[in-house]
Structure formats: C-alpha cells, structure tokens
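**Student:** To start, I am sharing the structure in question, which I have written as structure tokens.
Protein chains: 2
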Amino acid sequence: MTRQLFVGVDLGGTNIKAGLLDDQANLLARLSIATEAEHGPDHVIARIVQAIDQVLAQAGLPRQDVAGVGIGAPGAMSHKKGLIIAPPNLPGWHNVPLRDRVAALSGLPTVLENDANAAAWGEFWAGAGRGTDNMVMFTLGTGVGGGIIIDGQILRGAFDNAAELGHMIVKPGGRPCGCGQRGCLEAYSSAAATARRAIEAIQAGQDSSLKARLEAGQPVESRHVEQAARAGDPLAERIWDEACYYLAIACVNVQHFCNPQRVVLAGGMIGAGAFLLDRVRKHFDQQTWTVAQDRPEIALATLGNEAGFIGAAGAARLAHQQGQL
Amino acid sequence: MTRQLFVGVDLGGTNIKAGLLDDQANLLARLSIATEAEHGPDHVIARIVQAIDQVLAQAGLPRQDVAGVGIGAPGAMSHKKGLIIAPPNLPGWHNVPLRDRVAALSGLPTVLENDANAAAWGEFWAGAGRGTDNMVMFTLGTGVGGGIIIDGQILRGAFDNAAELGHMIVKPGGRPCGCGQRGCLEAYSSAAATARRAIEAIQAGQDSSLKARLEAGQPVESRHVEQAARAGDPLAERIWDEACYYLAIACVNVQHFCNPQRVVLAGGMIGAGAFLLDRVRKHFDQQTWTVAQDRPEIALATLGNEAGFIGAAGAARLAHQQGQL
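Sequence order for the protein chains is A and B.
First residue of the first sequence? That's 414 in the numbering used here, and the numbers climb one at a time after it.
First residue of the second sequence? That's 414 in the numbering used here, and the numbers climb one at a time after it.
In structure tokens:
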C-alpha cells in the first residue's frame, strides 16, 4: 500500500506556510514563502501551487503519494463551495474559487477550510487536543478566533460562520468592538485589546510603569502589559486579570454550550504561559457551577504557528477518510 | 411494508405524557397519566409501560408496528448508557437503567433522551424548527432549558451535558443562580426569575401596581409581571425588558457559537406571544454584529407541552434510521 501524504497550506496576508505530513501527523517537510498579496489572486494562487511543489521536492517524495491538499484561508469563506468571499487581509479577492483553482493547477484533490478551524483541527489532531473527541479552541491574537470540534467533526454552522468565539458578548453594554457589537470577548481578551486598554487608561491620566514607554514614543503591546503586571504594576495587573477573567467567563459559556473535554488556548498571548493559564483556570474555577462534574480541562496549545498548516493537512486527511476528496 | 410507528414518552415529576406517532410526525394518540413518583422507580417504570400499552390500545394499533420507544427524562442522565442518574424531581432514583428496563418490560427497542433535548428535537422534527438543519431552542420555564441541533443531530457533548443554555453567564458578577454561578441567563430570563425580581424589588421598597397583589398575599408570577408591564407599570416594564434583553444577548452568543438558522423560544413565558418575541428580536437586532449576514430567525415554539413526547418519539425514529435501535 502506498504511503498516504497530505499537504497543508496556511494562507496568510503576509506569508504562505506549507507542510507535508503523513497519515500519523508526522511532519516531513515545511516551508514559508511570502504571499505577495499585492499582486492579486492569480499570483497568490500560483505561489500556493509553487509551495506545494516545493514542499514535495524538499522531502524528495512523489506527487502521486499525496492523497489530498488542505488550505486554511482567512476571512469569510464557504467550505462547501470552496470559495473565498472577501478576506480583509487579501485585497482584491472576491468570491475566488480557491479550492477548485488549486486543485486544477496542482492536479491534487483539495479542500478549503477557515484558518481558525484549520488551526483548531491541527491542535485536535496533533497537539493539545489529542485524545479528545470534543474540543474548543480560543486563539488570542490581534483578535480572538475560535474553533469547535464536536464528536470529531469541525463545527461550521448553517452559514459557515460558527465558532466566532471572539464575538461572544461577555459584558453586555461593554467596550465597543470593531464588529459593531459591544462587550465582545475580543474587546477584553485579545492581545490588541489588552494593549489598547492600557494605553487608553494611561492617556486618561491613570498612573502606570508603562507611561514612560508611551511618552518615549515606544510601542505598548500586550507583552509589555504582561511584563508590567508581573512586576506588580497595578494598572497592568488589573487589565491582565480582566483579560483572563472574561476569557474564563467565555470558557464557562462554552462548557455549558457544547460540554467539551478540553479547552485549548492558542495565539500570541499564550507566550505568557502559566501567567495566563493559571489565572484563567483560577477565574474559571471561581465562576463555573458546582452542580455537575463536567468541567473541561483548560490547556495551552502546543503547535505554535504550525497549527494552521498541520490542521489544513489534517482537514484534507479527514475529507479523504470520509470519501469527500 | 408495515407502517412504522414510534411511541414517545415524556417523564415528568407529576405526569407521564405519551404519544403514538407515525414516521411523518402525525400524532395518532396521546394521553397523560399521573407519575405517582412517590412510589419509587419500580412503580413509575410500570406506569411508563402501561402508558405505552394504553396509547397503542387507544389507537387500535398492534405492538408489532412499533419500531421504537423514546423516553424524555429529567435531570442528569446518560444517553449512551440509558441511565437516569439523579433527577431532582424523581426522589429515590439513582443510576436507574430506565432504557433497558422499559425495553425488557415492553418488548420494544427503547432510547433515552434528556427532556430538554427531546423537546428541542420535537420542535425540530415537527414544530418551529422544521425545514432547518441547525436550530437552538431556549425553554423559558421555572428555569431556562436548552437544546441544540447541529447538522440534524442532537448536540450532547463529552459529558452528556451540552446545551445547558440557562447557565450561560450573561452578566458577569450578576444575580446568584441556584447552580452556584452568578449572572446566569436563568437568573434573568426564566419565569421564576422574572417573578422573583419583581417581588424582591417591591419588598425593597420600589413602587409597582403589583404591590397590592403581594400585600393581599396573592402570588406574583411572571404572567402578572407581563400584564403589569403591558399596562405600563415602570418596574414590571423594566424587569420584563431585561428578561428579553438578556435572552437576546444569549441569542447573539449562540449565533456566534453554532450559527443556527433558527432560534426557537419555548416554555411558559412564550404565552406572552409578540410581547416577548418582538422585544427579544428588537434587542437582538440592536446587539448583534453587522459584519456578516448570518442572523438566525427567532421564532416561537408551536408544539406547546407536547414537544417532549413528540421529540422523544422522533428520537426513537432517528435512532431507528441510524440503525441504533
């Protein structure tokens, strides 16, 4: 029997990451090339196909061993139709049939997946979600992304827009969010919100050790808030703690929603390690109910920024197994 | 081909409701008998079997036409094991293998379902959720129950405890809930909470047209709050509006969670009709995001208190179709 390989592609606004994996999630080759998004869809599609060729050449393995290609792509998209609708970080893309174009150019069966779902599927298949059937992932980056696995399947919903966990309202009437709502999780627990809240508070006259950075024209990012909180700065401590608190509220809500075995935290904010995880767990334990023994474990993601292409390859494997490729 | 019939049983603390349905959800016979829960599990199980016999006798149809029995039961239970764990309103029941005992006594293949899931499945199969694949139901009774249908399947979760939607936290740090949490949906939008909030406010000295009822020793229930709100009583108006507001927040959260086509409102509170529905829709429209066209319709349930046994019969039909009976 021929060995079955899967290529995963993580299409970002800046870079295209690709990896070649076998059926057991062993990573055989990986690479990252510039997206060159400014040259438009045709150019980017050619670069995706080039990345697929390159990753095979790197591993010295033949194309006929590849059972499928998975692409994780940003923004609104249709999994069913294989269509990219209008991603904010890929200018000029409108209703691009990415799946079928890559399949035609590469000669390989291809699936398209939302990038957040792909990353969650990566952790589920090969990372912190391994060994579970039901997992929820929060990705704490510039925004807050989400992915939900139910009984070993990616939750997509009626409009292909499920698991937008960053836009759960955790504080009704709270901070405005870019999405038009108020009090979204993303407005409190994303890296961008953590930094912005500190900056706003200092600009409004509150004292903080971060004031010097701001006055010197240096950037204040979430890791600076984290460092200041670790050093005991009261403002930074409050903001960091609230980021963890609202994330814990969101964990309680997903507990009662889909009852996962594990909740995985991913994205740039988890660079804080236990300083994030222990706080979220503490608030979760204080907030969640006591009437049933159905608490999910809360854990940090393990695949870093490789989760996207690993999960895209895993999505191709799943589609292959289910006879959809 | 023999006609395929299904018996649905809704096991409550006070009454056992049963119905006989065909494959197309046509209701051929129905009945309600007292549970007589005070006599313990053996007695109640015998009464369930009696209800199954009676409903067949009523329709004049033979037992061999019945392809399956579904039972919707309250409290913690295991669908997989067919076990009732410890329902608060069935004293003396601990780890009772209800499914297998009813199957043995009736001679009919049986499935056990959580009563909230059964009711949601009833609306999905034969009521307000008809025609969708993805539906969420909120049941606004003494508490707030939930049921979630994803791609035509009941969502159960890793611990058989999914869709506890009444315990989503909609107001962090808010009113204490019987479950040990604070700020649960149930603490604002259930019938009991709506009444209790009015009573507490009056007892704390706030003025209201409901004060006379209370002072006369008459009960104040959610329908009295509703009536007073309709008549323009400011306190009742505020409490009724907040019940609708927090329910709308919960609708936004399930929108982003599982992206259903339809959200169905059920339970005693929907007796208010448009006075509930229009408010929830208004708050939902004001709270939800503007960046994607993925709003669910919000609708009232249509099956009333028959949803439970209809859905239990439907669950038996589903298990039969999937070869699990």
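The C-beta atom is built at its ideal place from N, Cα and C for all residues, glycine as well.
Using 7 Å as the cut-off, classify the Cβ of ALA576/A as near or not near the heavy atoms of the ligand ADP, replying yes or no.
**Tutor:** Absence of the ligand ADP is noted for the structure shown, with no ligands found whatsoever.
**Student:** Can you tell me the Cβ-Cβ gap for ALA729/A and GLY425/A, rounded? I've got them flagged as a contact below 8 Å.
**Tutor:** Counting from 1 along the first sequence, the entry for residue 729/A is found at position 316. Counting from 1 along the first sequence, the entry for residue 425/A is found at position 12. Their Cβ separation, rounded to whole angstroms, is 18 Å, which puts ALA729/A and GLY425/A out of contact at 8 Å.
**Student:** Using the rule of at least 16 other Cβ atoms within 10 Å of the residue's Cβ for burial, across every protein chain shown, is ASP698/B buried or exposed?
**Tutor:** To locate residue 698/B, count along the second sequence from 1; it is residue 285. ASP698/B is exposed by the Cβ-count criterion.
**Student:** Which class does ASP435/B belong to by DSSP, given the choice of helix, strand or coil?
**Tutor:** Within the second sequence, numbered from 1, the residue matching residue 435/B stands at position 22. If DSSP states are grouped into helix, strand and coil, ASP435/B belongs with the strands.
**Student:** Which value, in whole angstroms, describes the spacing of the CA atoms of GLY570/A and VAL667/B?
**Tutor:** Here residue 570/A corresponds to residue number 157 of the first sequence, with the count starting at 1. Here residue 667/B corresponds to residue number 254 of the second sequence, with the count starting at 1. If you take the alpha carbons of GLY570/A and VAL667/B, they lie about 11 Å apart.
**Student:** With which residues is CYS597/A paired in a DSSP beta bridge?
**Tutor:** Taking the first sequence and counting its residues from 1, the one referred to as residue 597/A is at position 184. According to DSSP, CYS597/A shares a beta bridge with ILE582/A.
**Student:** So if I threshold CB-CB distances at 7 Å, which residues from the segment 702-725 of chain B count as touching chain A?
**Tutor:** TRP702, THR703, VAL704, ALA705, ASP707
**Student:** Check whether the Cβ atoms of PHE419/B and VAL479/B lie closer than 8 Å to each other.
**Tutor:** Translated into positions along the second sequence, residue 419/B becomes position 6. Translated into positions along the second sequence, residue 479/B becomes position 66. In this structure, VAL479/B lies closer than 8 Å to PHE419/B by Cβ.
**Student:** Tell me the start and end of each unbroken alpha helix (DSSP H) in the segment 616-688 of chain A that is at least 4 residues and wholly inside, in chain order.
**Tutor:** 624-628, 635-643, 647-671
**Student:** By the 9 Å beta-carbon criterion, what residues does the segment 475-503 of chain A contribute toward chain B?
**Tutor:** ALA489
**Student:** Can you have a look at THR703/A and say buried or exposed, based on whether 16 or more other CB atoms are within 10 angstroms of its CB?
**Tutor:** Start at 1 with the first residue of the first sequence, and residue 703/A comes out as number 290. When all chains shown are included, THR703/A counts as exposed.
**Student:** If the cut is a Cβ gap below 7 Å, which residues of chain B does CYS657/A touch?
**Tutor:** Numbered from 1 along the first sequence, position 244 holds the residue referred to as residue 657/A. Result: empty, since nearest Cβ-Cβ is about 13 Å, beyond 7 Å.
**Student:** The alpha helix (DSSP H) that contains GLU536/A, what's its start and end?
**Tutor:** Position 123 of the first sequence, counted from the start, is the residue given in the question as residue 536/A. 528-539 is the span of the alpha helix (DSSP H), which, as asked, contains GLU536/A.
**Student:** On the criterion of 16 or more Cβ atoms from any shown chain inside 10 Å, does ASP646/A qualify as buried, or is it exposed?
**Tutor:** Taking the first residue of the first sequence as position 1, residue 646/A is located at position 233. Under this definition ASP646/A is a buried residue.
**Student:** Between which two residues does the beta strand (DSSP E) holding ILE458/B run?
**Tutor:** Counting from one through the second sequence, the residue named residue 458/B turns up at place 45. No beta strand (DSSP E) holds ILE458/B; the alpha helix (DSSP H) holding it covers 454-472.
**Student:** DSSP on GLY505/B, reduced to helix/strand/coil?
**Tutor:** Here residue 505/B corresponds to residue number 92 of the second sequence, with the count starting at 1. Coil at GLY505/B, not helix or strand.
**Student:** Exposed or buried, PRO709/B, counting other C-beta atoms within 10 Å across all chains shown (16 or more means buried)?
**Tutor:** On the second sequence, residue 709/B is found 296 positions in, with the first residue counted as 1. Per the 10 Å Cβ criterion, buried.
**Student:** When you compare the CB of PRO589/A with every CB in chain B, is at least one pair closer than 8 Å?
**Tutor:** Position 176 of the first sequence, counted from the first residue, corresponds to residue 589/A. No, no contact with chain B.
**Student:** Short check: CB of LYS430/B to CB of PHE688/B, under 8 Å?
**Tutor:** Along the second sequence, one-based indexing puts residue 430/B at 17. Along the second sequence, one-based indexing puts residue 688/B at 275. No, the pair does not count as a contact, with Cβ atoms beyond the cut-off.
**Student:** Would you mind giving the Cβ-Cβ distance between ILE612/A and CYS597/A, rounded to the nearest angstrom? I have them listed as a contact below 8 Å.
**Tutor:** Taking the first sequence and counting its residues from 1, the one referred to as residue 612/A is at position 199. Taking the first sequence and counting its residues from 1, the one referred to as residue 597/A is at position 184. About 19 Å; that fails the 8 Å criterion.
**Student:** Taking one C-beta from the segment 662-676 of chain B and one from the segment 572-579 of chain A each time, how about it: are there three or more such pairs within less than 8 Å?
**Tutor:** yes
**Student:** Can you pull out the residues from the segment 552-580 of chain A whose beta carbon lies closer than 9 Å to at least one beta carbon of chain B?
**Tutor:** GLY559, ILE561, ILE563, ASP564, GLN566, LEU568, ARG569, GLY570, ALA571, PHE572, ASP573, ASN574, ALA575, ALA576, GLU577, LEU578, GLY579, HIS580
**Student:** Bridge partners for PHE428/A per DSSP, in chain order?
**Tutor:** By 1-based counting over the first sequence, the position of residue 428/A is 15. The question names Phe, but residue 428/A is Asn in the sequence shown. Paired residues: ALA447/A.
**Student:** Anything in the segment 651-676 of chain A with a Cβ closer than 7 Å to a Cβ of chain B? List those residues in chain order, please.
**Tutor:** ILE662, VAL665, ASN666, HIS669, PHE670, CYS671, ASN672, PRO673, GLN674
**Student:** Is the CB-CB distance between ALA442/A and ALA472/A below 8 Å?
**Tutor:** The residue labelled residue 442/A in the question sits at position 29 within the first sequence. The residue labelled residue 472/A in the question sits at position 59 within the first sequence. Yes, the Cβ-Cβ distance between ALA442/A and ALA472/A is below 8 Å.
**Student:** Listed from N- to C-terminal order along the chain, which residues in the segment 524-551 of chain A have their beta-carbon within a distance smaller than 8 Å of any beta-carbon of chain B?
**Tutor:** Of all residues in the segment 524-551 of chain A, THR545, ASP546, ASN547 have a Cβ within less than 8 Å of some Cβ in chain B.
**Student:** Check the DSSP bridge columns for GLY589/B and list the partner residues they point to.
**Tutor:** Residue mapping note: residue 589/B aligns to position 176 of the second sequence, counting from 1. Note that residue 589/B corresponds to Pro in the displayed sequence, not to Gly. PRO589/B pairs with ARG595/B.
**Student:** Alpha carbon to alpha carbon, what distance is there between ARG651/A and ILE615/A?
**Tutor:** By one-based count along the first sequence, residue 615/A stands at place 202. By one-based count along the first sequence, residue 651/A stands at place 238. Each residue's alpha carbon lies about 13 Å from the other.
**Student:** What would DSSP say about LEU568/A, mapped onto helix, strand or coil?
**Tutor:** Locating residue 568/A in the first sequence gives position 155, counting from the first residue. LEU568/A: coil per DSSP, three-state reduction.
**Student:** In chain B, which residues lie less than 8 Å from VAL693/A when you measure between Cβ atoms?
**Tutor:** As a first step, residue 693/A must be located in the first sequence, where it is residue number 280. For VAL693/A, no chain B residue has a C-beta closer than 8 Å to its own C-beta; the minimum C-beta separation is roughly 14 Å.
**Student:** Mapping the DSSP letters down to three states, classify SER373/A as helix, strand or coil.
**Tutor:** The structure shown does not extend to residue 373/A, since chain A spans only 414 to 738, so no value can be given for it.
**Student:** DSSP state of ILE484/B, grouped into three classes?
**Tutor:** Taking the first residue of the second sequence as 1, we reach residue 484/B at position 71. Secondary structure of ILE484/B (DSSP, three-state): strand.
**Student:** Taking DSSP as the reference, what is the three-state secondary structure of GLY554/A?
**Tutor:** The sequence position of residue 554/A within the first sequence is 141, counting from 1. In the three-state DSSP reduction, GLY554/A falls in the coil class, being neither helix nor strand.
**Student:** Looking at C-beta atoms only, is the number of pairs between the segment 522-529 of chain B and the segment 486-498 of chain B that lie closer than 8 Å three or more?
**Tutor:** yes
**Student:** SER602/A by DSSP, collapsed to three states: which one?
**Tutor:** Position 189 of the first sequence, counted from the first residue, corresponds to residue 602/A. SER602/A: helix per DSSP, three-state reduction.
**Student:** Comparing the C-beta of GLY593/A with each C-beta of chain B, is any distance below 8 Å?
**Tutor:** By one-based count along the first sequence, residue 593/A stands at place 180. Interface with chain B (8 Å Cβ-Cβ cutoff): GLY593/A is included.
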